[in-house]
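Trainee: Position one of the sequence shown corresponds to residue 3 (the working numbering), numbered consecutively onward.
In this text, a Cβ means the ideal position worked out from N, Cα and C, and glycines have one as well.
Quick caveat: nothing in here was measured; it's all calculated off a predicted structure.
Mind having a look at this structure? Questions to follow.
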Amino acid sequence: MSRLTPGNILRVVLAFVFWIFVAFYVLVIGMGAKNKKVMLEGGLYAALFIAAVSISGASGAFAAFAVMGLSAVRSYMLRDLWLPRRVRKSQRGSMVQEHAPTPPPVQAYPAATSLPGSSDDLSTALTWVSSQAKQNKHRLPADTYVTILETCQMLDSVIDAERRHPSADARFEYELDAVVREYLPAVLQGFLAIPPSMVENRQPNGRTPNEELVEQTRLLLGQAETLHSTRHSQTSADLTTTGNFLRERFGHHQPGGFDFGIK
């Protein structure tokens with residue numbers, strides 16, 4: 003992917019022609035990208051530049067040039083916002099396939115024997131997700147890091163229960179496999195693939211990538227809670243069924259002897 007496009011060349015030429023206004027470049031970039039943080043930063047540079055110009059003497063000129071230099075450096079660092087890369091057609095297709103969210107499962111569910119992998123594979127997938135979250139904790143929105151770890155912990159409990167006593171429920175196993183192996187990793191990978199300078203940019207749906215991640219991780223936590231409740235409720239029901247059988251068979255002891263449940 004290259005930045006050498008006619009639009010980018012024109013922007014660079016205009017930036018050099020109007021270099022005298024370099025102190026306002028960050029503000030213009032933020033307004034163009036509709037990024038509030040960048041707009042606030044650019045407004046600060048603009049205010050400092052105006053204040054420096056109002057000071058007479060060498061100190062004012064030095065301060066003004068210092069602000070201009072700082073704004074120029076920040077404009078270069080924010081080049082992803084005003085000098086987008088050109089994506090080739092072949093690369094565009096591969097990027098869409100790589101970052102497109104996995105569609106949710108429809109009504110049909112495969113049989114339990116057709117599910118790929120095992121509980122050990124699911125545990126490995128969860129370990130990868132939690133490891134990625136810990137490594138990129140500083141990039142995740144507030145509370146999202148905790149939400150992801152809580153989701154992994156809850157799903158790990160479900161996987162452990164399935165390992166010890168499989169439920170033999172094809173639909174339940176399919177949902178568990180999809181959340182652990184597809185949805186959760188895809189959400190985290192998709193967010194980490196976005197440059198940090200663009201996570202506050204508004205998308206066509208009006209939301210920022212940060213807001214999308216917060217909502218999607220909460221939805222996944224809700225699904226993990228549902229799986230956890232369903233799995234352990236079934237375990238409790240199975241235990242009650244076993245207890246009913248034992249009470250019926252061995253609950254009445256013969257006086258003065260052993261009762262082997264044989265009538």
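For S61, name the three-state secondary structure that DSSP assigns.
Mentor: helix
Trainee: Assess contact between the segment 52 to 64 and the segment 216 to 235, defined as three or more Cβ pairs (one per stretch) separated by less than 8 Å. Is contact present?
Mentor: no
Trainee: So for P8, helix, strand or coil by DSSP?
Mentor: helix
Trainee: With distances taken between CB atoms, is the gap from V28 to G44 smaller than 8 Å?
Mentor: yes
Trainee: Pull up the distance between the alpha-carbon of P86 and that of A172, whole angstroms please.
Mentor: 46 Å
Trainee: Can you tell which of L83, F51, L157, P143 has the C-alpha that lies nearest to the C-alpha of N203?
Mentor: L83
Trainee: To test your reading of the DSSP string, which unbroken beta strand (DSSP E) runs of 3 or more residues are found completely within the segment 7 to 44?
Mentor: none
Trainee: Look at T219 and I150 and say whether their C-beta atoms are less than 8 Å apart.
Mentor: The answer is yes: Cβ separation under 8 Å.
Trainee: Just to confirm before moving on: does the CB-CB distance between A74 and F51 stay below 8 Å?
Mentor: no
Trainee: In whole angstroms, what is the alpha-carbon distance linking I22 and L142?
Mentor: 37 Å
Trainee: Between the alpha carbons of P187 and A144, how many angstroms are there, rounded?
Mentor: 19 Å
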